[in-house]
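These notes concern the structure reproduced below.
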Amino acid sequence: MATGIDSLQASRRLNLLSLFTSGSTLICCALPATLVAIGSVATLTSLISQFPQLIWISEHKPLVFGLAAAMLLLAGWLQWRARSLPCPADPALAALCTKTRRQSLWVYLFSLALFVIGTLFAFVAPLLLD
5 MATGIDSLQA SRRLNLLSLF TSGSTLICCA LPATLVAIGS VATLTSLISQ
55 FPQLIWISEH KPLVFGLAAA MLLLAGWLQW RARSLPCPAD PALAALCTKT
105 RRQSLWVYLF SLALFVIGTL FAFVAPLLLD
């Protein structure tokens with residue numbers, strides 16, 4: 005029983021990590037493209053002057069996207085494994101187990117959506133603009 009709960013907790017932590025890494029794909033590519041598209045180049049310039057790390061992330065986007073993809077694959081695999089793990093017999097713990105699974109799935113799906121949006125802005129949109 006303890007291994008099921010441990011696996012659920014590991015899955016939840018990994019889903020949060022995948023959310024963080026897929027969010028970085030938006031910061032690197034979607035945010036600058038959106039700011040330029042709406043004519044906020046001055047905002048983008050001040051953002052880059054405050055956070056020069058954005059330049060590094062943009063220059064190394066294959067690495068950033070590769071790391072995000074690896075985290076998402078690992079989180080998806082753990083999500084898949086945890087779907088059939090038994091929940092505790094105690095009704096309160098069973099409800100918490102079910103709630104955690106549901107929240108974990110939503111975090112994972114949100115992470116995937118962020119990754120797809122970032123991928124579109126980083127790799128697909130530049131091909132369409134050429």
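Using the working numbering, the first residue of the sequence shown is number 5, and each one after it goes up by one.
The beta-carbon is built from N, C-alpha and C at its ideal position, and this holds for glycine as well.
- The straight-line gap separating the alpha-carbon atoms of Gln107 and Ala96 is approximately 16 Å.
- When the Cα atoms are used, Lys65 and Cys32 turn out to be separated by approximately 7 Å.
- Taking all protein chains shown into account, Thr102 has fewer than 16 neighbouring C-beta atoms within 10 Å of its C-beta and is therefore exposed.
- For a cut-off of 8 Å, the C-beta gap from Pro36 to Leu48 is around 6 Å, short enough to register as a contact.
- The C-alpha of Arg105 is placed about 11 Å away from the C-alpha of Leu82.
- Within the segment 49-99, the runs of alpha helix (DSSP H) at least 4 residues long that lie entirely inside it are, in chain order, 57-63, 65-86.
- The beta carbons of Ser53 and Leu118 sit about 25 Å from each other, so the pair does not count as a contact at 8 Å.
- Judged by DSSP secondary structure, Ala129 falls within the alpha helix (DSSP H) whose first and last residues are 129-133.
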